[in-house]
Amino acid sequence: MDKAQILERLKTHLQQLKNTHKAPRNEVSIEWVTQICNLIGIPKDYAPLCEQILSYKPLTRLVWLHMAECTGCSESFLRLDKPGVESLLLEYISLEYHETIMGAVGFNAKQCLHDTLKEEFILVIEGGVSLGENAYFLTSGADSTNGENECLEVARHAQAIFAIGTCSSFGGVQAAYPNPTQSQGISTFLRQPIVNIPGCPPSEANMIGSLMYYILLQEIPPCDSLNRPLWSYGKNLHEMCERKAKFESGDFVESFDDERLQDGYCLYKVGCKGPYVANNCPKVKFNAKTSWPVRAGHGCIACSEPDFWDSFGKIEEPINNANAYIKDKKPLKSLPLVHRLDDTLLDSTLCLELDSLSDTRIYSQEKQNLNLLAVSFYANLSALLPYLASKNKLGARLVENYHKWRLKEELESVLDSESAEDSISHNASDMLKLVGMMFGKSLNHAQVLDLAQSYLFPHISKLDFKLTTKDNGGCEIEVNKSLRLPLCYLLGGLEIEGVAYSVVSSICEILALALVELCKIYNISQVAFKGDLMQNPLIQDRLATYLPKWLKVV
Ligand code: FSX
Ligand code: SF4
Ligand code: F3S
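The UniProt record's numbering puts the last residue of the sequence shown at 554; the count rises by one with no breaks.
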């Protein structure tokens with residue numbers, strides 16, 4: 001929804017309320033409403049409108065079911081402040097049913113639930129549902145309904161459904177291997193649209209923010225492909241982390257009794273999984289904004305990601321093949337290849353050529369040999385390292401740390417070969433050789449590709465390549481600066497297989513993006529691939545992953 005649509009929606013909502021309610025019901029704190037608007041992306045100019053909506057709106061009825069979980073989500077919710085949970089419950093929300101904090105017990109409690117189903121309410125489900133062979137899993141209460149049936153019945157009457165916590169969203173801890181109760185997230189058996197608010201537990205801000213979005217705008221917030229609201233899960237946690245500058249300078253805590261932990265050093269080496277997590281913990285924090293895991297001194301364990309218990313390796317070590325437990329490694333996607341573009345396709349097709357013996361290029365007319373893609377970078381550490389050191393203080397410190405690391409690992413010095421000019425390459429396969437040099441090994445591109453393919457985890461330590469379109473109708477990928485990131489990950493203890501995988505994946509992602517941009521510029525919707533590197537299954541898989549569906553591969 002854009003700004004104008006939000007405004008329209010709020011105005012209509014207020015008008016509807018004024019038509020049915022003669023006078024405001026209560027006074028609302030404009031300060032709090034403004035905070036909520038800021039949080040969920042409603043322009044702050046509309047806060048007075050939201051204030052009025054809340055003052056007219058009758059209490060929103062909420063049913064909160066408990067399934068397979070630890071009640072940590074409820075605990076987190078109770079930590080709300082400004083307003084505290086007590087005023088929230090008295091002024092905005094009527095919590096009709098919540099097994100752990102409601103006053104009623106037994107038949108009376110269940111009666112509250114049954115009565116609520118007759119009117120409008122929002123359903124919150126905390127916990128996954130055990131769908132194993134025992135039909136009595138999660139049976140509770142006076143009418144002895146099992147968890148699955150209770151969810152199905154209550155969901156049938158709900159206006160909107162929120163899966164609160166990683167358990168409810170994706171299965172969470174009790175769905176971890178070997179998952180004896182066959183616990184699942186609720187999306188596996190409820191057919192209605194569900195908003196997932198993962199986190200073990202989620203922050204109180206992410207829970208109340210998404211509920212308030214629905215209460216104010218009468219629709220669920222825009223979500224990503226895992227049904228997580230974009231306002232809270234749309235960005236990468238590591239990008240917002242207060243220790244990020246130390247990651248960029250290669251300054252890592254070595255152990256939990258390392259004094260530098262208090263100086264803000266990065267926790268990647270002691271297991272932080274922040275680079276692989278979509279969540280806003282550094283921004284909203286927990287316990288009334290007191291702190292969040294990384295500030296408190298422990299790495300992020302990726303608690304809000306699907307399968308976090310099984311698929312991120314050891315909690316206090318960087319992810320590493322030796323500790324991999326991967327349930328099902330997805331088969332690699334493949335792409336058809338061409339050797340020569342058919343004349344009939346020349347004008348209507350863009351071709352990406354990835355060959356170890358020639359420059360990486362994208363062209364539309366083979367005969368004219370026009371390259372629409374500019375890629376150039378220092379393909380030798382003796383040129384790249386001084387360049388990175390000259391960029392800024394963080395770069396200088398990173399290069400210093402990298403030299404120390406090489407000394408410690410007893411690798412030879414790298415600053416003794418060709419000049420910067422001589423080392424410039426336009427061939428993406430040289431980037432793979434360069435990565436081999438970073439490891440202190442002389443590897444050809446095929447060997448680095450083999451390392452990348454042997455990496456067992458699906459998580460990518462992304463490089464931040466940038467794509468710019470040029471006035472001459474071509475585009476350019478900025479490479480050199482992004483090549484600092486493999487060094488950061490290497491110093492942070494990511495194994496070389498993981499670094500290689502990330503470089504391959506990131507090159508493919510940016511090449512796919514370049515293809516898409518050029519297709520838009522030239523109004524073309526067909527692409528073709530050629531070159532020996534394109535025969536590599538991992539390269540095919542990564543490119544296929546990043547290509548949009550509207551592009552036809554010929
Ligand atoms: Fe616990 Fe909630 Fe984790 Fe799960 O939070 S904190 S096990 S997400 O369902 O209670
Ligand atoms: Fe922060 Fe973890 Fe990223 Fe380091 S790796 S910057 S501690 S999120
Ligand atoms: Fe969870 Fe990581 Fe945030 S462990 S609470 S997603 S910092």
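Glycine included, each C-beta is placed from N, C-alpha and C at the ideal position. As the structure is a computational prediction, the values presented were derived from the model and not from experiment.
Can you tell me which residues fall inside 5 Å of the ligand SF4, judged by beta-carbon distance to its nearest heavy atom, and keep chain order?
After applying the 5 Å Cβ criterion, the set is His238, Cys241, Arg243, Lys244, Phe247, Cys266, Leu267, Tyr268, Cys272, Gly274, Val294.
Please look up how many angstroms separate the CB atoms of serine 130 and glycine 147, rounded, as I've assumed it's under 8 Å.
Looking up residue 130 in the sequence shown gives position 130. Looking up residue 147 in the sequence shown gives position 147. At roughly 7 Å, the Cβ-Cβ gap stays under 8 Å, so serine 130 and glycine 147 are in contact.
Are aspartate 541 and lysine 333 close, meaning C-beta to C-beta below 9 Å?
Translated into the one-based positions of the sequence shown, residue 541 becomes position 541. Translated into the one-based positions of the sequence shown, residue 333 becomes position 333. Contact flag set, yes.
Check whether the segment 509-522 and the segment 469-476 touch, using three or more Cβ-Cβ pairs below 8 Å as the test.
The segment 509-522, when compared against the segment 469-476, does touch it at the 8 Å Cβ threshold.
List the whole-angstrom C-beta distance separating isoleucine 164 from methionine 102, where the pair is believed to meet the contact cut-off of C-beta under 8 Å.
Within the sequence shown, the letter at position 164 stands for residue 164. Within the sequence shown, the letter at position 102 stands for residue 102. Wrong, their Cβ atoms sit about 16 Å apart, outside the cutoff.
Measure from the alpha carbon of tyrosine 56 to the alpha carbon of each residue in Lys11, Glu410, Leu62, then state which is nearest.
What you label residue 56 is simply residue 56 of the sequence shown in a count that begins at 1. Comparing Cα positions, the closest option is Lys11.
Can you tell me the Cβ-Cβ gap for valine 414 and leucine 388, rounded? I've got them flagged as a contact below 8 Å.
Translated into positions along the sequence shown, residue 414 becomes position 414. Translated into positions along the sequence shown, residue 388 becomes position 388. 12 Å between Cβ atoms; not a contact.
Suppose you measure from the CA of histidine 114 to the CA of isoleucine 30; what does that come to, to the nearest Å?
Stepping through the sequence shown from its first residue, residue 114 is reached at position 114. Stepping through the sequence shown from its first residue, residue 30 is reached at position 30. Their Cα atoms are separated by approximately 35 Å.
So, helix, strand or coil for lysine 228, using DSSP?
Counting from 1 along the sequence shown, the entry for residue 228 is found at position 228. The sequence given here has arginine at residue 228, not lysine. Reduced to three states, the DSSP call for arginine 228 is coil.
Going by the C-beta, is isoleucine 164 closer than 8 Å to any heavy atom of the ligand FSX?
In the sequence shown, the residue the question calls residue 164 occupies position 164. Checking the Cβ of isoleucine 164 against the ligand FSX gives yes.
Straight-line CA distance for proline 275 to phenylalanine 377?
Here residue 275 corresponds to residue number 275 of the sequence shown, with the count starting at 1. Here residue 377 corresponds to residue number 377 of the sequence shown, with the count starting at 1. When rounded, the distance between both Cα atoms is 25 Å.
Is it buried or exposed, alanine 135, if we count other Cβ atoms within 10 angstroms and call 16 or more buried?
In the sequence shown, the residue the question calls residue 135 occupies position 135. Flag for alanine 135 reads exposed.
Taking its Cβ as the centre, do 16 or more other Cβ atoms sit within 10 Å of aspartate 263, making it buried, or is it exposed?
By 1-based counting over the sequence shown, the position of residue 263 is 263. By the neighbour-count rule (16 or more Cβ atoms within 10 Å), aspartate 263 is not buried but exposed.
Under the rule that 16 or more other beta-carbon atoms within 10 Å means buried, what is threonine 360, buried or exposed?
Taking the sequence shown and counting its residues from 1, the one referred to as residue 360 is at position 360. Under this definition threonine 360 is a buried residue.
I need the boundaries of the beta strand (DSSP E) containing asparagine 196, first residue and last residue.
Position 196 of the sequence shown holds residue 196. 194-197 is the extent of the beta strand (DSSP E) around asparagine 196.
Looking only at its chain, what residues have a beta carbon closer than 6 Å to the beta carbon of histidine 459, apart from the 5 residues adjacent to it on each side?
Taking the first residue of the sequence shown as 1, we reach residue 459 at position 459. Answer for histidine 459: Tyr276, listed in chain order.
Bridge partners of isoleucine 173, per DSSP?
In the sequence shown, the residue the question calls residue 173 occupies position 173. As written in the sequence, residue 173 is valine, which differs from the isoleucine given in the question. Its beta-bridge partners do not exist; DSSP assigns none.
Given a cut-off of 9 Å on the beta-carbon distance, is the pair proline 318 and glutamate 495 in contact?
One-based indexing of the sequence shown puts residue 318 at position 318. One-based indexing of the sequence shown puts residue 495 at position 495. For proline 318 and glutamate 495, yes; Cβs fall inside 9 Å.
Is threonine 71 near the ligand FSX - that is, is its Cβ less than 8 Å away from at least one heavy atom of it?
Looking up residue 71 in the sequence shown gives position 71. Flag set: Cβ of threonine 71 near the ligand FSX.
Looking at the unbroken beta strand (DSSP E) that takes in threonine 349, where does it start and where does it end?
Numbered from 1 along the sequence shown, position 349 holds the residue referred to as residue 349. Start and end: 349-353.
CB-CB under 6 Å to tryptophan 64, same chain, minus the five flanking residues each way: which ones, in chain order?
Here residue 64 refers to the residue found at position 64 when the sequence shown is read from its first residue. Answer for tryptophan 64: His98, Val124, listed in chain order.
In three-state DSSP terms, what is alanine 142?
Position 142 of the sequence shown, counted from the start, is the residue given in the question as residue 142. It is coil, neither helix nor strand.
Closer than 8 Å to a non-hydrogen atom of the ligand F3S - does that hold for the CB of phenylalanine 286?
On the sequence shown, position 286 is the one that residue 286 refers to. Phenylalanine 286: yes, Cβ under 8 Å from the ligand F3S.
Cα separation between lysine 285 and leucine 54?
Within the sequence shown, residue 285 is the residue found at index 285, counting from 1. Within the sequence shown, residue 54 is the residue found at index 54, counting from 1. Going by the C-alpha atoms only, they are around 25 Å apart.
Determine the DSSP secondary structure at glutamine 98, reduced to helix, strand or coil.
In the sequence shown, residue 98 corresponds to position 98, counting from 1. Note that residue 98 corresponds to histidine in the displayed sequence, not to glutamine. Of the three classes helix, strand and coil, the one that applies to histidine 98 here is strand, per DSSP.
Work out the CA separation of aspartate 258 and isoleucine 301 for me, nearest whole Å.
In the sequence shown, the residue the question calls residue 301 occupies position 301. In the sequence shown, the residue the question calls residue 258 occupies position 258. Distance between the alpha carbons of isoleucine 301 and aspartate 258 is about 19 Å.
Taking 8 Å as the cut-off, is the C-beta of tryptophan 292 nearer than that to any heavy atom in the ligand F3S?
Position 292 of the sequence shown, counted from the start, is the residue given in the question as residue 292. Answer for tryptophan 292: yes, Cβ within range of the ligand F3S.
For the putative contact between leucine 538 and valine 503, defined by C-beta atoms under 8 Å, what is the C-beta separation to the nearest angstrom?
Along the sequence shown, read from residue 1 onward, the residue named residue 538 stands at position 538. Along the sequence shown, read from residue 1 onward, the residue named residue 503 stands at position 503. The pair is not a contact, with the Cβ atoms about 11 Å apart (cut-off 8 Å).
How should tyrosine 46 be labelled, buried or exposed, when 16 other C-beta atoms within 10 angstroms of its C-beta is the threshold for buried?
In the sequence shown, residue 46 corresponds to position 46, counting from 1. Classification of tyrosine 46: buried, given that the 10 Å Cβ count is 16 or more.
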